[in-house]
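J.: Residue numbers in the sequence shown follow the numbering used here, run continuously in steps of one, and reach 1533 at the last position. Sharing a structure below in structure tokens format, with a few things to ask.
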Amino acid sequence: MLLLAGALLSSTDALAQDTLDLGTLKNEEITVVQKLLYPKTDKTEIGLQLGVIAFDPYMIAPKAQLTVGKHRSESLEIEGQLGFGYGFGTRAYKELGGDALGVRPEAYRYLASVSAGVNWSPIYAKMNVNGDRVMHHDVYIPIVAHATLERLAWGEQYFAVAPGVGVGVGIRVFQGDGGAIRIELRDDLLVEARKQSGTVALKQNVGLHVGFSRFTGG
1316 MLLLAGALLS STDALAQDTL DLGTLKNEEI TVVQKLLYPK TDKTEIGLQL GVIAFDPYMI
1376 APKAQLTVGK HRSESLEIEG QLGFGYGFGT RAYKELGGDA LGVRPEAYRY LASVSAGVNW
1436 SPIYAKMNVN GDRVMHHDVY IPIVAHATLE RLAWGEQYFA VAPGVGVGVG IRVFQGDGGA
1496 IRIELRDDLL VEARKQSGTV ALKQNVGLHV GFSRFTGG
């Protein structure tokens, strides 16, 4: 027994002194599993955002929109949006229509819109703020189909219902109370039939929206 114990001790010491060299680990050989602090799967997200459509040369439109979405997974959300606003003439539009020039471009002002589509969230991350706070956020890409109601800004003021598609980028900054600050930039492409000129025009409504969302269920 003493001989056996001595042999075991000597072999243990030898193993402890030996170093096992695994070589260099590649990135694909390292896997980190971490639970999300703010999971979204199976949750309903309801939000209100305020924004502006500000890149049209003739019209600028303050806008409010209500969003309701269902998160099917951490990376996929199905969402609908209902927006309202009003377009005001820009400086360029007023100068063209003034007494000096007297030119009225066929400008349509934004009134309302409805859209439905998906938000794809490929990124969930944390960032350190001033060394004393960690903020959790995700980055998402909205892809939607929509219909927009607009109206000619002068003359007969014809209405136009323009279908189209939109794509953009957004970020949610999660809060500890079950909500998130949401910022989104989206470019909506409209196919607009214009009665005044009898033409069909392609128009871009690029909107920037900032608001708050709350998560329920899940």
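Think of the CB as a built atom: it goes at the ideal place given N, C-alpha and C, for glycine as much as any other residue.
Answer with buried or exposed for GLU1457, where buried requires no fewer than 16 other C-beta atoms within 10 angstroms of its C-beta.
T.: For the purposes of this step, residue 1457 is taken as the residue at position 142 of the sequence shown. One point to set straight first is that residue 1457 is Pro, not Glu, in the sequence displayed. Buried, because 16 or more other Cβ atoms sit within 10 Å of the Cβ of PRO1457.
J.: In whole angstroms, what separates the C-alpha of TYR1373 from that of PRO1478?
T.: Position 58 of the sequence shown, counted from the first residue, corresponds to residue 1373. Position 163 of the sequence shown, counted from the first residue, corresponds to residue 1478. The straight-line gap from Cα to Cα measures roughly 20 Å.
J.: Report the residue from ILE1498, LEU1464, ARG1497, LEU1523 whose alpha carbon sits nearest the alpha carbon of LEU1505.
T.: Looking up residue 1505 in the sequence shown gives position 190. LEU1505 has its Cα closest to that of LEU1464, out of ILE1498, LEU1464, ARG1497, LEU1523.
J.: Whole angstroms are fine: how far does the CA of ASN1434 sit from the CA of GLU1394?
T.: Along the sequence shown, read from residue 1 onward, the residue named residue 1394 stands at position 79. Along the sequence shown, read from residue 1 onward, the residue named residue 1434 stands at position 119. About 7 Å.
J.: Between which residues of its own chain and GLN1511 is the CB-CB distance below 8 Å, once the five residues before and five after are set aside?
T.: For the purposes of this step, residue 1511 is taken as the residue at position 196 of the sequence shown. Around GLN1511: GLU1421, LEU1467, GLY1470, GLU1471, TYR1473.
J.: When the Cα atoms are used, what is the spatial distance from LEU1335 to ASP1357?
T.: Residue mapping note: residue 1335 aligns to position 20 of the sequence shown, counting from 1. Residue mapping note: residue 1357 aligns to position 42 of the sequence shown, counting from 1. Computed Cα separation, rounded: 45 Å.
J.: Could you check where the beta strand (DSSP E) with TYR1455 kicks off and where it finishes?
T.: Taking the sequence shown and counting its residues from 1, one reaches residue 1455 at position 140. Element bounds for TYR1455: 1448–1467.
J.: Output the distance between the C-alpha atoms of LEU1363 and GLN1396, rounded to the nearest integer angstrom.
T.: Translated into the one-based positions of the sequence shown, residue 1363 becomes position 48. Translated into the one-based positions of the sequence shown, residue 1396 becomes position 81. One C-alpha to the other measures close to 10 Å.
J.: Between which two residues does the beta strand (DSSP E) containing ALA1406 stretch?
T.: Looking up residue 1406 in the sequence shown gives position 91. Note on identity: in this sequence residue 1406 is Arg, with Ala being the wrong assignment. Note, ARG1406: premise wrong, no beta strand (DSSP E); alpha helix (DSSP H) at 1406–1411.
J.: Rounded to a whole number of angstroms, what is the C-alpha to C-alpha distance between VAL1454 and HIS1524?
T.: Residue numbering aside, residue 1454 sits at position 139 when the sequence shown is read from its first letter. Residue numbering aside, residue 1524 sits at position 209 when the sequence shown is read from its first letter. Spanning the two alpha carbons is a distance of roughly 15 Å.
J.: On the CB-based measure, 16 or more other CB atoms within 10 Å of its CB, does GLU1499 come out buried or exposed?
T.: One-based indexing of the sequence shown puts residue 1499 at position 184. Flag for GLU1499 reads buried.
J.: How close, in whole Å, do the beta carbons of ALA1440 and PHE1399 come, if the pair is a contact with beta carbons under 8 Å?
T.: In the sequence shown, the residue the question calls residue 1440 occupies position 125. In the sequence shown, the residue the question calls residue 1399 occupies position 84. ALA1440 to PHE1399, Cβ: 33 Å. No contact.
J.: Quick one: using the 10 Å Cβ neighbour count with 16 as the cut-off for buried, is PHE1530 buried or exposed?
T.: Position 215 of the sequence shown, counted from the first residue, corresponds to residue 1530. Answer is buried; the Cβ neighbour count reaches 16.
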